[in-house]
Amino acid sequence: MSTQHWSGVHPQAIVEPSAKVADNVTIGPWSYIGADVEIGSGTEIMSHVVIKGPTVIGKNNRIFQFSSVGEECQDKKYAGEPTTLIIGDNNIIRENCTIHRGTTQDRGETRIGDHNLLMAYVHVAHDCVVGNNTILANCATLAGHVTVGDWAILGGGTMVHQFCRIGPHSMSAGGSIVLKDIPAYVMASGQSASPFGVNVEGLKRRGFGKEFLLSLRRAYKIIYRQGLTTEQAVEALEATYGDVTEIRPLIDSLRNADRGIVR
Numbered sequence: 052m053s054t055q056h057w058s059g060v061h062p063q064a065i066v067e068p069s070a071k072v073a074d075n076v077t078i079g080p081w082s083y084i085g086a087d088v089e090i091g092s093g094t095e096i097m098s099h100v101v102i103k104g105p106t107v108i109g110k111n112n113r114i115f116q117f118s119s120v121g122e123e124c125q126d127k128k129y130a131g132e133p134t135t136l137i138i139g140d141n142n143i144i145r146e147n148c149t150i151h152r153g154t155t156q157d158r159g160e161t162r163i164g165d166h167n168l169l170m171a172y173v174h175v176a177h178d179c180v181v182g183n184n185t186i187l188a189n190c191a192t193l194a195g196h197v198t199v200g201d202w203a204i205l206g207g208g209t210m211v212h213q214f215c216r217i218g219p220h221s222m223s224a225g226g227s228i229v230l231k232d233i234p235a236y237v238m239a240s241g242q243s244a245s246p247f248g249v250n251v252e253g254l255k256r257r258g259f260g261k262e263f264l265l266s267l268r269r270a271y272k273i274i275y276r277q278g279l280t281t282e283q284a285v286e287a288l289e290a291t292y293g294d295v296t297e298i299r300p301l302i303d304s305l306r307n308a309d310r311g312i313v314r
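Every letter in the sequence shown is one number past the one before it in my numbering, and letter 32, counting from 1, is 83.
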């Protein structure tokens, strides 16, 4: 029994004439590429994928079957405006992911950076910003206007409330319900999520040294063990670690926590 292989645009795929598809893009059977969609070179679209625009997808991405990318959002205020979705390079988007465009009430776009892994059934709602090198495990769900920092990991089934910020290098355990911001480097778990230390193992894998990890543990104690308000913790961290470059993302994530931080 022979196996059929194909490359380029499969004859059973539908690509609207106004779509801009690079020459070496692969599009599988029964996929639909709508008008106002741009797909960069080296990207592979499996079968049964729907991509609508305005959407720009960069280079060397892989989008797996039954994903819906660039659909209009589920916000009731949305009235058909030409908002956008922008996806960078080298991302893997697994089966049944849903990624929606933005709204005019916010920045007008949803944005996903580079080198991200979105596992099966992940949902990225309108106006979200996902950084680089993140992992969103199966069934992780981002409500509208969520920001996910670089290298963050959301465990399977994590649900993030609208307008929350997930700090860089942070991590949520599976099944977490995140109602407030997770500061940079912090691990959180629970319903609703609360902090349980810093992401030491992940930081070690990324090359952070012992001296920084020691400083980070001390900074964590300033935030969570001294009974300080967030504002007081920022002042204390600035006084103690304001000149430590690696601590800056932690200070910034506290300073920008409009919804408050997990406690």
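Where a beta carbon is used, it is the ideal one built from N, C-alpha and C, also for glycine. These numbers come from a predicted model, not from an experiment.
- In the structure shown, the three-state DSSP call for residue 83 is strand.
- Spanning the alpha carbons of residue 216 and residue 129 requires a straight line of approximately 23 Å.
- As for any alpha helix (DSSP H) of minimum length 4 sitting wholly inside the region 261 to 291, the runs are 261 to 275, ordered along the chain.
- From the listed residues 155, 173, 138, 106, the smallest Cα separation to residue 208 is found for 173.
- One Cα belongs to residue 142, the other to residue 266, and the distance between them is close to 33 Å.
- Following the DSSP letters along the chain, one finds residue 302 inside the alpha helix (DSSP H) bounded by residues 299 to 306.
- According to the DSSP assignment, residue 120 belongs to the beta strand (DSSP E) that extends over 119 to 122.
- The count of Cβ pairs closer than 8 Å, one atom from the region 140 to 154 and one from the region 115 to 128, reaches three, so the stretches are in contact.
- For the pair residue 304 and residue 131, the Cα-to-Cα distance works out to about 33 Å.
- In terms of Cα proximity to residue 108, the closest of 166, 61, 125 is 166.
- The straight-line gap separating the alpha-carbon atoms of residue 122 and residue 272 is approximately 43 Å.
- Nearest in C-alpha terms to residue 114, of all of 313, 59, 170, is 170.
- Residue 234 holds the alpha-carbon nearest to the alpha-carbon of residue 244 among 133, 252, 106, 234.
- The alpha-carbon of residue 178 is positioned some 34 Å away from that of residue 276.
- Leaving aside the five residues that flank residue 158 on each side, the residues in its chain whose CB is nearer than 7 Å to its CB run, in chain order, 178.
- With a contact defined as Cβ atoms closer than 8 Å, residue 225 and residue 201 miss out at about 21 Å.
- For residue 162, the beta-bridge partners assigned by DSSP are 137, 180.
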